[in-house]
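By the working numbering, the letter at position 106 of the sequence shown is numbered 1109, and the numbering carries on one by one without gaps. Structure first, then comments.
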Amino acid sequence: MVGEIGRPHGVRGLVRLHAFTTDPHAIGSYGPLTDESGTRRFVVTPMPDGIGRIDGVADRDQAARLTGTKLFIDRDRLPPPADPEEFFLCDLEGLAAFGADGTEIGSVRAVEDYGAGAILVVDGPAGELLLPFTRAVVPVVDIAGGRLTVVPPEEVVVPPRPGEDAAA
1004 MVGEIGRPHG
1014 VRGLVRLHAF
1024 TTDPHAIGSY
1034 GPLTDESGTR
1044 RFVVTPMPDG
1054 IGRIDGVADR
1064 DQAARLTGTK
1074 LFIDRDRLPP
1084 PADPEEFFLC
1094 DLEGLAAFGA
1104 DGTEIGSVRA
1114 VEDYGAGAIL
1124 VVDGPAGELL
1134 LPFTRAVVPV
1144 VDIAGGRLTV
1154 VPPEEVVVPP
1164 RPGEDAAA
């Protein structure tokens, strides 16, 4: 996902454009973008101040129907990471998560970002665990090895109450 169409801007079909690319104006250089299903194609022209024009959208009603549409491109159209320690957040999905002592915690089901930073959603025997994706909590990421090391902060780990089963 490289962006999302926001609410309409004005009456001539312009929209708020949320680009998730390093340079927000680069979203237009990837060529046609698709929706999540891959069935609809969009040619996006970014404009100043987070506004965008979408080919074929000429009025506010058409723009409003696109609000919330997530914009995607094929992975092979993305530039490769520039640094060996750089990767795409989607590369973390499916990785096995291990504690610093080597115990298996689970696997990364998803990476979410609601604006305050990425969060790893880890599914394991103890249930779902939400971890902030920071160097302190995730000190080692080994994409090639299919694993990462996590050190959950104490605030995240909730011990069971007396008489409660830890696996429940």
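Quick reminder that beta carbons are idealized off the backbone N, C-alpha and C, glycines included. Computed from a predicted structure; not experimentally measured.
Delimiting residues of the alpha helix (DSSP H) encompassing residue i
i            : result
residue 1026 : Looking at the DSSP string, residue 1026 is not in any alpha helix (DSSP H), and its letter there is neither H nor E.
Residue i, DSSP secondary structure in three states
i            : result
residue 1082 : coil
residue 1066 : helix
residue 1087 : coil
residue 1156 : coil
residue 1051 : helix
residue 1094 : helix
Spatial distance of residue i from residue j (CA atoms)
i            : j            : result
residue 1049 : residue 1083 : 23 Å
residue 1097 : residue 1062 : 41 Å
residue 1115 : residue 1123 : 7 Å
residue 1076 : residue 1143 : 28 Å
residue 1155 : residue 1149 : 19 Å
residue 1004 : residue 1045 : 13 Å
residue 1138 : residue 1080 : 28 Å
residue 1030 : residue 1073 : 13 Å
residue 1105 : residue 1128 : 15 Å
residue 1058 : residue 1117 : 29 Å
residue 1140 : residue 1134 : 7 Å
residue 1112 : residue 1036 : 25 Å
Delimiting residues of the beta strand (DSSP E) encompassing residue i
i            : result
residue 1110 : 1107 to 1116
residue 1132 : 1130 to 1135
residue 1057 : 1054 to 1057
residue 1039 : First-last for residue 1039: undefined, no H or E at that position.
residue 1008 : 1006 to 1012
residue 1126 : 1121 to 1127
residue 1145 : 1143 to 1145
residue 1075 : Residue 1075 -> no beta strand (DSSP E), and no H or E assigned at all.
residue 1102 : 1099 to 1102
Residue i at chain C interface by Cβ criterion, 7 Å
i            : result
residue 1068 : The chain labelled as chain C is not found in the depicted structure, where only one protein chain is given.
Exposed unless 16 or more other CB atoms sit within 10 angstroms - verdict on residue i
i            : result
residue 1056 : buried
residue 1108 : buried
residue 1014 : exposed
residue 1006 : buried
residue 1066 : buried
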